[in-house]
Amino acid sequence: MAPKRRPVPLNITPIGEGQATSNTIDSASEANLEALQKKLGELDLDEQQRKRLEAFLTQKAQVGELKDEDFDPICELGAGNGGVVNKVRHKPSGLVMARKLIHLEIKPAIRNQIIRELQVLHECNSPYIVGFYGAFYSDGEISICMEHMDGGSLDQVLKEARRIPEEILGKVSIAVLRGLAYLREKHQIMHRDVKPSNILVNSRGEIKLCDFGVSGQLIDSMANSFVGTRSYMSPERLQGTHYSVQSDVWSMGLSLVELAIGRYPIPPPDAKELEAIFGRAVIDGAEGEPHTNMQRPRPPGRPPPPKLPLGVFTNDFQDFVTKCHTFIKRSEVEEVDFAGWLCKTMGLNQPSTPTRSTE
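Residue numbers (UniProt numbering): 1 to 359.
Written out as structure tokens, the structure reads:
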């Protein structure tokens, strides 16, 4: 048996403040923690979100260098073409994490480039992005250690719920859009793989994105090693043409339809299948009659949302802007007990302890 190779730790010193290839940088330096906490002040957070992010950063500061021998396996959380994700306990800190293992047959230079590119994940701190503890290489596998979300992914939730109610999807939509906007505006990152399995939830009611494309080299290496899912890709991605933020929006829309009707929506269900899904006659998206543009009554004193000028844009564009804006704005103010719904659906206790093991 070949000797066990020493893990290659990931330097989390903010980009530009140190050598990215160093194997001995302390991942929990006070300077890093203070810098990250300062960046929280630049985000539009409520008090609860701020406290939770600060708590995560404080826990993360206790982790130190990640090494293969410091993890105890608890159970498997999921597996796919991209690798396997395990629930693990980090013995030095006592934290429970999700550890994604990606096996790649690659040259050392490529491996080191991937590790360097993953460094930006340390800078991605948002209530809508899964927390990142670090990454390292050991025995032919890249390990990415993340915050454990006890509700799992939305594809797992869908299996239990069969269909996800519209008011719940409103909260999902807001979180996904805010997560995508954060990645784009703060880090110039597009997700590139929005789908139900990459939207994670927990018993505190948090909804977060994971597995976004920060490492171009990792994306290329995995494309050469695995047969990835193409079912959520936008037409331009399938055709190999220009990729833009609209491609993420396409994937989000496709995901929302799947979560709403309970199955992947291509090819679309016919009237008979829709009746079986919803338990009543459904024609063209409306209950028992052709679809109309009826909207909910507007609360007294609330002005209508802004609209595009007539005669300038296509009807399709106006319809999209009007309906999307109305739905999102309504969902922002609606009081929905997402945590309660999730815990009931998945059989979880509410609320959860943050991430520290009590087992």
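Cβ atoms here follow ideal geometry from the backbone N, Cα and C, with glycine treated the same way.
Residues near residue i by beta carbon distance below 8 angstroms, same chain, minus five either side
i    : result
L158 : I164, P196, E258, L259, G262
V63  : S27, A28, H90, P92, S93, L95, Y133, G134
E275 : A281, V282
R111 : V8, L104, Y137, I142
T345 : V157, E160, A161
G279 : none
Member of the options whose CA lies at the smallest distance from the CA of residue i
i           : options                : result
Y137        : A109, S126, E160       : A109
F132        : E335, E147, D46        : E147
D340        : L348, E334, V333       : The sequence given here has Gly at residue 340, not Asp. G340 has its Cα closest to that of L348, out of L348, E334, V333.
E42         : D337, K186, D211       : K186
I207        : G179, L40, N86         : G179
E105        : G140, D72, L121        : G140
M190        : V245, I168, D155       : V245
residue 366 : S331, G205, F56, E123  : The displayed coordinates of the chain run from 1 to 359. Any statement about residue 366 would go beyond what the structure contains.
Y182        : L45, A79, D150, E166   : L45
G240        : R192, I277, A61, G279  : R192
V333        : I277, D319, E167, N315 : E167
P73         : K100, E273, F327, K107 : K100
N125        : K272, P269, T58        : T58
M149        : C324, G279, F56, E273  : F56
G151        : C324, K51, G205        : G205
6 angstroms CB neighbourhood of residue i in its chain, flanking five on each side removed
i    : result
S234 : S247, W250
S153 : S197, L200
I102 : G83, I142
C343 : S203, Q350
C75  : K87
E335 : none
Reduced DSSP category for residue i - H, G, I as helix; E, B as strand; rest coil
i    : result
S138 : strand
D70  : helix
A260 : helix
E76  : strand
K60  : helix
R280 : coil
N86  : strand
I102 : strand
V120 : helix
P290 : With a pLDDT of only 41 at P290, under 50, the local geometry of the prediction cannot be trusted, and no value is derived from it.
I129 : strand
N23  : Note on N23: pLDDT 37, under 50, position unreliable in the model; the coordinate value appears next. Residue state, collapsed to three classes: coil.
L95  : strand
D319 : helix
A339 : helix
M107 : Looking at the sequence shown, residue 107 is not Met but Lys. Three-state DSSP puts K107 in coil, outside helix and strand.
E334 : coil
L218 : helix
N349 : coil
E65  : coil
E42  : coil
I266 : coil
Residue i Cβ short of 8 angstroms to the ligand ADP heavy atom set
i    : result
C324 : Here there are no bound small molecules, and the ligand ADP is not part of this structure.
Chain-order list of residues whose beta-carbon lies under 7 angstroms from that of residue i (same chain, five-residue window excluded)
i           : result
P265        : L254, V257, E258
Q49         : P127
M252        : V176, V194
D337        : none
residue 371 : Outside the modelled stretch of the chain, which goes from 1 to 359, sits residue 371, for which no answer is possible.
R237        : Y243, S247
R162        : G262
Whole-Å CB distance - residue i paired with residue j, under 8 angstroms assumed
i           : j    : result
Y232        : V194 : 7 angstroms
P351        : S173 : P351 to S173, Cβ: 23 angstroms. No contact.
L77         : A98  : 6 angstroms
F71         : V88  : 4 angstroms
residue 384 : P269 : The structure shown does not extend to residue 384, since the chain is modelled only from 1 through 359, so no value can be given for it.
Test: residue i CB closer than 9 angstroms to a CB of chain C
i    : result
P265 : Absent from the structure: chain C. Only one protein chain is present.
### Task
Could you name each continuous alpha helix (DSSP H) segment of 4 residues or more that falls completely within the stretch 140-216, going from the start of the chain to the end?
Listed in chain order, they are 154-161, 166-187.
#### Entry: 3-residue-minimum beta strand (DSSP E) runs that sit fully inside the stretch 229-255, ordered along the chain
Correct list: empty.
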